[in-house]
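> Residue numbers (this note's numbering), protein chains in the order written: chain B, 5 to 288; chain H, 5 to 288; chain A, 5 to 288; chain G, 5 to 288; chain Z, 5 to 288; chain E, 5 to 288.
All C-beta atoms, glycine included, are put in the ideal place defined by N, C-alpha and C.
There are 6 protein chains.
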Amino acid sequence: MATTLDGYASFKHFLVSSPAEYVAHVETNRPEKLNAFFEDMWLELAQIFGELSHDPNVRAVIFSAVGERAFTSGLDVQAANQGGMLSQDGASDGSRFATRVRRHIYEFQDSVSAIEKCEKPVIVVMHGISIGLAIDLSCCADIRICSKDAKFSVKEVDIGLAADIGTLSRLPKIVGNHSWVKEVCLSARFFNADEAFAVGFVSRVLENKAKAIEAATEMATLIASKSPVAVQGTKDILNHSRDNSVADSLRYTAVWNSAMLQSNDVVAAMLSGIKKTKPRFEKL
Amino acid sequence: MATTLDGYASFKHFLVSSPAEYVAHVETNRPEKLNAFFEDMWLELAQIFGELSHDPNVRAVIFSAVGERAFTSGLDVQAANQGGMLSQDGASDGSRFATRVRRHIYEFQDSVSAIEKCEKPVIVVMHGISIGLAIDLSCCADIRICSKDAKFSVKEVDIGLAADIGTLSRLPKIVGNHSWVKEVCLSARFFNADEAFAVGFVSRVLENKAKAIEAATEMATLIASKSPVAVQGTKDILNHSRDNSVADSLRYTAVWNSAMLQSNDVVAAMLSGIKKTKPRFEKL
Amino acid sequence: MATTLDGYASFKHFLVSSPAEYVAHVETNRPEKLNAFFEDMWLELAQIFGELSHDPNVRAVIFSAVGERAFTSGLDVQAANQGGMLSQDGASDGSRFATRVRRHIYEFQDSVSAIEKCEKPVIVVMHGISIGLAIDLSCCADIRICSKDAKFSVKEVDIGLAADIGTLSRLPKIVGNHSWVKEVCLSARFFNADEAFAVGFVSRVLENKAKAIEAATEMATLIASKSPVAVQGTKDILNHSRDNSVADSLRYTAVWNSAMLQSNDVVAAMLSGIKKTKPRFEKL
Amino acid sequence: MATTLDGYASFKHFLVSSPAEYVAHVETNRPEKLNAFFEDMWLELAQIFGELSHDPNVRAVIFSAVGERAFTSGLDVQAANQGGMLSQDGASDGSRFATRVRRHIYEFQDSVSAIEKCEKPVIVVMHGISIGLAIDLSCCADIRICSKDAKFSVKEVDIGLAADIGTLSRLPKIVGNHSWVKEVCLSARFFNADEAFAVGFVSRVLENKAKAIEAATEMATLIASKSPVAVQGTKDILNHSRDNSVADSLRYTAVWNSAMLQSNDVVAAMLSGIKKTKPRFEKL
Amino acid sequence: MATTLDGYASFKHFLVSSPAEYVAHVETNRPEKLNAFFEDMWLELAQIFGELSHDPNVRAVIFSAVGERAFTSGLDVQAANQGGMLSQDGASDGSRFATRVRRHIYEFQDSVSAIEKCEKPVIVVMHGISIGLAIDLSCCADIRICSKDAKFSVKEVDIGLAADIGTLSRLPKIVGNHSWVKEVCLSARFFNADEAFAVGFVSRVLENKAKAIEAATEMATLIASKSPVAVQGTKDILNHSRDNSVADSLRYTAVWNSAMLQSNDVVAAMLSGIKKTKPRFEKL
Amino acid sequence: MATTLDGYASFKHFLVSSPAEYVAHVETNRPEKLNAFFEDMWLELAQIFGELSHDPNVRAVIFSAVGERAFTSGLDVQAANQGGMLSQDGASDGSRFATRVRRHIYEFQDSVSAIEKCEKPVIVVMHGISIGLAIDLSCCADIRICSKDAKFSVKEVDIGLAADIGTLSRLPKIVGNHSWVKEVCLSARFFNADEAFAVGFVSRVLENKAKAIEAATEMATLIASKSPVAVQGTKDILNHSRDNSVADSLRYTAVWNSAMLQSNDVVAAMLSGIKKTKPRFEKL
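1) Below 7 Å between beta carbons is the criterion; list the residues of the region 135-161 of chain A that meet it against any residue of chain H, in chain order.
2) Can you list the residues of chain E that residue 251 of chain H reaches, using a CB-CB cut of under 8 Å?
3) Relative to the C-alpha of residue 169 of chain H, which residue among A:167, A:242, A:39 is closest?
4) With distances taken from CA atoms, which of B:81, B:84, B:41 is nearest residue 69 of chain B?
5) Evaluate contact between the region 99-117 of chain H and the region 32-39 of chain H, counting only Cβ atoms and requiring at least three cross-stretch pairs below 8 Å.
6) I need the straight-line Cα distance from residue 74 of chain Z to residue 193 of chain E, nearest angstrom please.
7) Do you know how far the Cα of residue 215 of chain E is from the Cα of residue 76 of chain Z?
8) Where does residue 291 of chain B sit, in a helix, a strand or coil, going by DSSP?
9) In angstroms, rounded to a whole number, what distance separates the CA positions of residue 45 of chain Z and residue 138 of chain Z?
10) Of the residues A:50, A:43, A:61, which one's Cα is nearest the Cα of residue 83 of chain A?
11) At least one CB of chain Z closer than 8 Å to the CB of residue 57 of chain H: is that the case?
12) Which whole-angstrom value is the C-beta distance of residue 65 of chain H and residue 30 of chain H, which I expect to be below 8 Å?
13) For the 8 Å Cβ check, are there 3 or more pairs between the region 229-249 of chain B and the region 243-251 of chain H?
14) Could you tell me how far apart the beta carbons of residue 22 of chain E and residue 266 of chain A are, in whole angstroms, since I believe they sit closer than 8 Å?
15) Confirm, please, whether the CB-CB distance from residue 136 of chain Z to residue 111 of chain Z is below 8 Å.
16) Where DSSP assigns a beta bridge to residue 155 of chain Z, which residues make up the other side?
17) Here's the rule I'm using: 16 or more other beta-carbon atoms within 10 Å means buried, otherwise exposed. How should residue 176 of chain A be labelled?
18) For residue 117 of chain B, would you say it is in contact with chain Z, using Cβ-to-Cβ distances shorter than 8 Å as the test?
19) Specify the secondary structure class of residue 23 of chain A as computed by DSSP and reduced to three states.
20) What does the alpha-carbon distance come out to for the pair residue 210 of chain G and residue 200 of chain G?
21) In or out: residue 278 of chain A buried (at least 16 other Cβ within 10 Å) or exposed?
22) Can you check whether the CB of residue 253 of chain G is closer than 8 Å to the CB of residue 184 of chain E?
23) Do you know offhand how far residue 57 of chain Z's Cα is from residue 237 of chain A's?
24) Taking C-beta to C-beta, are residue 126 of chain Z and residue 119 of chain Z nearer than 8 Å?
25) Under a CB-based cut-off of 8 Å, is residue 110 of chain B close to chain E?
26) Classify residue 212 of chain E as buried or exposed, calling it buried when 16 or more other Cβ atoms lie within 10 Å of its own Cβ.
27) According to DSSP, is residue 144 of chain E part of a helix, a strand, or is it coil?
28) Check whether the Cβ of residue 121 of chain Z lies closer than 8 Å to any Cβ atom in chain E.
29) To the nearest angstrom, how far is it from the Cα of residue 132 of chain B to the Cα of residue 148 of chain B?
30) Expressed to the nearest angstrom, what Euclidean distance is found between the alpha-carbon atoms of residue 51 of chain E and residue 63 of chain A?
31) Could you check the C-alpha separation between residue 151 of chain G and residue 198 of chain G for me, to the nearest Å?
32) Using a Cβ-Cβ cutoff of 9 Å, what residues of the region 230-241 of chain G are near chain E? List them in chain order.
33) Quick one, which of B:7, B:163, B:142 has its alpha-carbon nearest residue 81 of chain B's?
34) Helix, strand or coil: which one does DSSP assign to residue 58 of chain H?
35) Please list, in chain order, the residues of the region 12-24 of chain A that have any C-beta partner in chain E closer than 7 Å.
36) Between the alpha carbons of residue 196 of chain B and residue 153 of chain B, how many angstroms are there, rounded?
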């Protein structure tokens, strides 16, 4: 079994282990509540991904959830209500309430975006109930895979609001079938693993959760065996490219690589290619 | 049969009915000419979608065409010629002709964009001949479905021009297979319903036109049953997201929701979720 | 057999023939080295596509490679090393080395981008080994097709660097399945023709290279039979659209067509449509 | 005295005259209320500038206000209140009120933007009280001049809101002193003609209103004597340039001029330059 | 004398007082070292502005420095060297060193940007030596004023690097004289208060530091007397406008105000305008 | 007198000398025709600046013109007419003529942009007649200075066209007084050196041409004495900043400096700062 990753033992809502060299595995650990999120959880999640981002012992990250029933059922609405986020109490008028809401959304968005900003590639493994926040979270990951039992929904319209933690911002950029994107976002209807694969929301469907974790681990191990300079540059440039024109992206790439080609990894990779040995790359 | 929607009886080229509560159905009504468009028609179309956009009795719109043979065969070239749009008569030189053409294209583009700007989701149902302007129009809809007999073509290169009413601007953003997009736009070749589905141009193919209208009505009814605040916000944010970076989209979304979370719909939706009743939302 | 295209006989690394009227066929001709590229080759390639871009006898271009084994195995690393590009020799510090690298990457990027900037549509035909630079090159083409034996890989992380000649800038914009894009770019794993077709990287897979060239020639001939004003405008506007918002693209399109509707091709195309004859368009 | 411009006699709130060949003069005509605006007025203003935009008899426009005391004191708050725009009456919750407000702001913004969208150059002449909406309106003009007695203020924070009809969007783009822009927008303090000139908000200050109108007429007459193809292209490209990168602007300019160099004006201008005669340009 | 602002007493490197109702005054407090910055200081600065941003007792902020000689002499290079930031020790190759540098720059940039992100307007008062980081810091403020003795320099090229904490990103956007911007950034030459005023880098020059603080306090007090909803919205929208097209800015503004017009401030402001009383606005 | 710069003796239309160490001086040499440009000249100019860009012996460039009367009177219209650029001869229709024009403009724009793309700072010195192309050229320089006798005009509307070689794209971005920019571009009126200085088009006015060249040489020498890594990075980042948001610019800057801080120049600069000696920087 995977051992706890050094330095990540103190987190309350997530398990962080290391199933393979240079691979971290983050698991949401609130299975009794279908891994529903409340504020403390997303703040902690942001902290974990912030640390993984610069941790030289980590080159690839798997993100999944404990338990058999749900990756996450989304926001824990009951807990949110106790926090009073959506209550107008104490706000003397609509504009002051709106200010409080806006600040709250920014904080929530920033937390979730920590997955995207993590310099190391993140593979998310979804299973069972994967609705609402599940979509926001997974859209921040680099690679999305799921098990056959996954049931997805962009659930927010069902609770009276437009999704505001990232789904509407990222989903149309990562799935190239906008008729489908609009359909699931506007109707909140469920879609299953096969449909998710057919439209390209996930790039792999496995028989069950265990197999999906296994596949993710294999993929993470493969990525972690490559030059971390090359892998982390690839993630950064791909994220930059999503939001910029081709011309701007080419320029950014050239500048990036002008620094990053000054690495021992190129030689190490080439030599090991010739010698058919496994290269060893220094920490990053 | 659906009744005419109040306030939309006077239009000449389109039927506007209401097949279900909060659902409007707009039908192009020139079947004897394969629903080919001339200037009066697109001006009227823009007017209709402009009114639907703010009509509190409408929460979802279906757009299709009367008759069995065609959604639309595109621009009625004969009528266009009579209008003299493409004739250089009366323009004393190339720059003055170009100015007239530019103004004309802007007017035409604006008319078609009214579908996209309509605040309510639009589901387009295509059948039979669906070429030229059919693609421009349907790219403005949120959700595209069709019947098995639909025959599509980005026809413009066949009449000697680059499509200028929106297809080239929107198709590459709603279908994530650019090799295919380029192929059909550069060659004007036909593609059928199955191919349209495979590449993601439409998200559903039905047995025939009747079934497709039925499916669209069902989908529209589902969407119309949700909070209109949530649904219309979702459409607005998704359209914004298509044209902006993730960072800009997140910011816009937060500001949008700072206003829109001040709604009774959130409570209504949550209560009905708990009570398993159908929520009633106020007009918007 | 196709004859050499007039004016293109002097190139050393590429064959340029004309398999059909208005169709040019560019073939990388270094089969004994798996069509691996070195600096002289990409400079020559840029020159060829620069000339084709304005050649009035060319309306569509096919790009493929000689031999049965490879479209290209990518950069000829041995040749690159001899050029000393990646050696820090002679650079007195990291910033001076970085400057040299940056200039080199810009030159390389510009060469490859010549395919995209060519005003005439380019159909790339890939077969066998198609890795590394193969992806950068083909992402610049308008239409990508391949034979069943094609083996693809975004190979760069395997040699210790992030791909910097265009793959990371263009692939996410031409394939709408970002989970897959990230997977193949971060892992350098191989993918075959069927997978390439399923995700939309290529829009057609043929039985073998000969059939693929045949299909490309047919497609190019079809495109070359259309109005060159319409076809070249379509390519230009689609490339503009990829990097701009819908609003900006509509404006650009209207201005473009205000000049381009002043063509004899519209009348020629319409008349031939009525008379069922093949239109003849003047050179462009 | 200037005669009423043909076709513009029926407007209620504005006088439209023609002080010189090809020059139109639009004057806000509500001096008894310090030319304060209400909804009917801005709708009418948009209509006037829409017509001037395509009127072949107009090549330059002057925009000023009747009376000695004010260009405009801004929004007529009393009238606005009667319209109920800011009343939450009838809106069942905050989100529904926000929707009504948003639609209203869009309509107001669109009306004011008609000045910017007018294809002919607009010279605004401000005098006396020029506050609130005065800044929004004048930022849409191409050239701003004023008389010595002009008193300006970005007044909106004084009535409890951020300016939303264009000042905050356009002022920072037309005045290159952001410390000053922030200061006047955040404090609502008054600034006079000299300060407006020093920071570049206006490009000319005249002794009094009559002199300012005279200077504007001279300038408009000069502009109207030039090729309308050249002048209107210059306005369009400058407005495009403000919102786009240099690279995008250069591309747009080239495409624009590819149509617009097909004009008799170039020859007419050059010949008259050689012959020292005044060129005559055809209508546009 | 101003009292310490509640809740800000514990900071080590900065004094935070309240010279007037709703006004905070932040002072860099390291006069013995010419207020040169080291890492702890900018982290603390970010924390202070983060707290002021949401502090309901603060509506405007003044930022200056203790002592007579310097606003700041910039980065404390000695301290930076001890931190080892620029030493390649421990970095096994250029790419790993570059990664460390990049992370460090991001952290430093984020700290300084906290001034810009602070929701309340910030008035910076510069005096004496104001070089290097002084320019980065002040470009983040909304309003820049200085005393006559201020001596400015974009000093970075003198220490062998391009300014990377914001000067090169912000200065060209806040000063509309790019020939001057390039000159001072490329040459590191000094410029004095008068020149800074003439080009628009500062919007006011006062006789000495005391007078400048006085003027800033007056200005801050004026701003703090306005509706905080209006003022903070104005800052947010102006910052958005700087980085977006006019069309995008107008849209954002409308959505912002759809929430923010739901305030009691509009009524309060209007009533006090009529009654000639000083309005009281609720906390924000 | 300045000696010819090594390797630049063979140019026909320009003199290239070296008035000081690391400083190049490019002079347009067609005084008998008021330094009017024809195609061969701008192609040669592009070549010169392309070479200077990578020449390790050059760290700053002065650009001026030979003779007392003119920096340049712009395009040599007679020569242009002989080239037949504006003649429709041989173009079978308007679209084909437009295509030829568009390609021609792109080539011309690219030539002029070589000044902007030159990695070394360029100081342009204007004197006497400086109209039409003079503005396009000088807008590409980093620093603009002139002598008192300079007479400027954005002349293009006087010859019947919108300026298309860069003035309309760059002038509004380098001068922050848009009312003035619009005025001079729409009217083609002359403006003198003092007005150019007042609005910020030039940052220095000298008594006469000789003094201006002297001042430019001094400025260039100063810049050339700084770290070339720092100076060239500053130019690159400032040009990037002009076309990008602050957030994008900060990110690009951090990546740039992650490579560029790996230089010996930082240490050399700091040591010489301490020792009060003149630092020597290695070639770049």
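From the atom records:
1) 146, 147, 148
2) 251
3) A:242
4) B:41
5) no
6) 46 Å
7) 36 Å
8) Only positions 5 to 288 of chain B appear in the structure, and residue 291 of chain B is not among them; the question remains open.
9) 14 Å
10) A:43
11) no
12) 6 Å
13) yes
14) About 51 Å; that fails the 8 Å criterion.
15) no
16) Z:133, Z:196
17) buried
18) no
19) strand
20) 12 Å
21) exposed
22) no
23) 51 Å
24) yes
25) no
26) exposed
27) helix
28) no
29) 14 Å
30) 31 Å
31) 10 Å
32) 230, 231, 233, 234, 235, 236, 237, 238, 239, 240, 241
33) B:163
34) helix
35) none
36) 7 Å
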